[in-house]
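Asker: So the protein lines, in turn, are chains A and B. Here the first sequence is numbered in this note's numbering, starting from 982 and rising by one per residue. Here the second sequence is numbered in this note's numbering, starting from 982 and rising by one per residue.
2 protein chains.
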Amino acid sequence: MLTIGELGRATETGVETIRYYERIGLLPRPSRTGGNYRAYGEADLGRLSFIRRARALGFPLDRVRALLSLSDDRGRDCATIDLLAREHLAEVERKIADLAALRRELAAMIDSCGGGTVAQCRIVEALGPARRD
Amino acid sequence: MLTIGELGRATETGVETIRYYERIGLLPRPSRTGGNYRAYGEADLGRLSFIRRARALGFPLDRVRALLSLSDDRGRDCATIDLLAREHLAEVERKIADLAALRRELAAMIDSCGGGTVAQCRIVEALGPARRD
DNA sequence: ATGCACCCTGTAGCAGCTACAGGGTCAAGA
DNA sequence: TCTTGACCCTGTAGCTGCTACAGGGTGCAT
Chain A
982 MLTIGELGRA TETGVETIRY YERIGLLPRP SRTGGNYRAY GEADLGRLSF
1032 IRRARALGFP LDRVRALLSL SDDRGRDCAT IDLLAREHLA EVERKIADLA
1082 ALRRELAAMI DSCGGGTVAQ CRIVEALGPA RRD
Chain B
982 MLTIGELGRA TETGVETIRY YERIGLLPRP SRTGGNYRAY GEADLGRLSF
1032 IRRARALGFP LDRVRALLSL SDDRGRDCAT IDLLAREHLA EVERKIADLA
1082 ALRRELAAMI DSCGGGTVAQ CRIVEALGPA RRD
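Below, the structure is given as structure tokens:
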């Protein structure tokens, strides 16, 4: 039997976050003690660990939900899970590419700044409106 | 004179977004027509262009605000602007590194999946709780 | 009995928009 | 002139994924 605080420490999750997961239906409502405290068991620990690892890998909560329901069905073909993971990987790669493009632009902008006053600053100029001289 | 819709098309910004920027004080309140429509001028176009370019480069709104007030002071030394841009670049680089680590983990997880049922799936296993066999 | 750490519910806040609901305005066409 | 339709107005609520209260109750040690 774990209290919410113990479960939180075991999974590196804030107490409020656990209650939030319960509220949105990601964690089942646990049984309660006489004093109305939430009482968690091993299954809850497993489920929350799963959620936290998936989150740490960047899966959004709705994908975590999908992964959870897929993985509950132990006899099913795991192709769908593989697909979800691949889709997520593709998204991560897209984000990396976007950020790399951003980095190039930022670096070029910073390089162009030769100091001086704001009026002469290339950074400000680069951010300003397209001028039709 | 531009209506809010025209300004939006000129800067690729949604009308609601422009009103939002006004609400949070990023854009000044424009004058109004007889019919109470917002009436924008060249200065507004310039300012909104600046905001949108900075946003496209990933600057959060509070940094955009700082950049705007710095760049209003044309005679000032542009070192602070340069610093803000460099800080932002550093953040982008940190994000790229984080995502690259994520990508490695995801790719390794996906590689390990040899198909079969969910019960055998390495992805599910990798996400599951640490087992003390 | 008293203090303290923990637990409870419910609500509001963060970024940065986006999407209504429920109206008013304006120009063009019949 | 009337009507249609595209636009505009305000105000408020929703999105993600938490996080932070306020205002209470519980449980254990001293």
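Glycine included, each C-beta is placed from N, C-alpha and C at the ideal position. Please read these numbers as outputs of a predicted model, since none were measured by experiment.
Use the C-beta contact count for ASP1114 of chain A: other C-beta atoms within 10 angstroms, 16 or more gives buried, fewer gives exposed.
Answerer: For the purposes of this step, residue 1114 of chain A is taken as residue 133 along the first sequence, with counting starting at 1. Reliability fails at ASP1114 of chain A, whose pLDDT of 43 lies under 50, so the model's placement of it is uncertain and the value that follows must be treated cautiously. The residue in question, ASP1114 of chain A, is exposed, as its Cβ has fewer than 16 Cβ neighbours within 10 Å.
Asker: Kindly list, in the order they appear in chain A, the residues whose Cβ is closer than 8 Å to that of THR1098 of chain B.
Answerer: Within the second sequence, the letter at position 117 stands for residue 1098 of chain B. Chain A residues near THR1098 of chain B: ARG1055, GLY1056, ARG1057, ASP1058, CYS1059.
Asker: Select from the segment 1036-1051 of chain A all residues with a C-beta closer than 8 Å to any C-beta belonging to chain B, and list them in chain order.
Answerer: From the segment 1036-1051 of chain A, only LEU1038, GLY1039, LEU1048, LEU1051 have a Cβ closer than 8 Å to chain B.
Asker: List the DSSP bridge partners of THR1098 of chain B.
Answerer: As a working mapping, residue 1098 of chain B is identified with position 117 in the second sequence. According to DSSP, which records beta bridges pairwise, THR1098 of chain B is partnered with A:ASP1058.
Asker: Using 8 Å as the Cβ pair cut-off and three pairs as the minimum, do the segment 984-992 of chain B and the segment 1028-1039 of chain B touch?
Answerer: Flag = yes, the segment 984-992 of chain B and the segment 1028-1039 of chain B touch.
Asker: Report the neighbours of GLU1074 of chain B on chain A: residues whose CB is nearer than 7 Å to its CB, in chain order.
Answerer: Walking along the second sequence from the start, residue 1074 of chain B turns up at place 93. Chain A residues near GLU1074 of chain B: ARG1084.
Asker: Quick one: what does DSSP say TYR1001 of chain B is sitting in, helix, strand or coil?
Answerer: Position 20 of the second sequence holds residue 1001 of chain B. If DSSP states are grouped into helix, strand and coil, TYR1001 of chain B belongs with the helices.
Asker: Relative to the C-alpha of PHE1040 of chain A, which residue among B:LEU1080, B:ILE999, B:GLN1101 is closest?
Answerer: Indexing the first sequence from 1 puts residue 1040 of chain A at position 59. The candidate whose alpha carbon is nearest that of PHE1040 of chain A is B:LEU1080.
Asker: Going by C-alpha distance, which of A:ALA1071, A:ILE1062, A:THR1014 is nearest GLY1095 of chain B?
Answerer: The sequence position of residue 1095 of chain B within the second sequence is 114, counting from 1. Looking at the Cα atoms, A:ILE1062 is the closest of the given residues.
Asker: Any beta carbon from chain A within less than 9 Å of LEU1087 of chain B's own beta carbon?
Answerer: Reading the second sequence from its first residue, position 106 is the one you call residue 1087 of chain B. Interface residue, yes.
Asker: Could you tell me whether the Cβ of LEU1108 of chain A comes closer than 9 Å to any Cβ of chain B?
Answerer: Here residue 1108 of chain A is taken as the residue at index 127 of the first sequence, counted from 1. Yes, because at least one Cβ of chain B sits closer than 9 Å to the Cβ of LEU1108 of chain A.
Asker: Can you find a C-beta in chain A that's less than 9 Å from the C-beta of MET982 of chain B?
Answerer: By one-based count along the second sequence, residue 982 of chain B stands at place 1. It does not: the Cβ of MET982 of chain B has no partner Cβ on chain A nearer than 9 Å.
Asker: Please report the distance separating the alpha-carbon of LEU1108 of chain A from that of ARG1084 of chain B.
Answerer: What you label residue 1108 of chain A is simply residue 127 of the first sequence in a count that begins at 1. What you label residue 1084 of chain B is simply residue 103 of the second sequence in a count that begins at 1. Cα to Cα, LEU1108 of chain A sits roughly 32 Å from ARG1084 of chain B.
Asker: Considering only their Cβ atoms, is the gap separating ALA1088 of chain A from LEU1070 of chain B smaller than 9 Å?
Answerer: Start at 1 with the first residue of the second sequence, and residue 1070 of chain B comes out as number 89. Start at 1 with the first residue of the first sequence, and residue 1088 of chain A comes out as number 107. It is a contact, given that the beta carbons lie within the stated cut-off.
Asker: Name the DSSP beta bridge partners of ALA1020 of chain B, please?
Answerer: Position 39 of the second sequence, counted from the first residue, corresponds to residue 1020 of chain B. Answer is B:SER1012.
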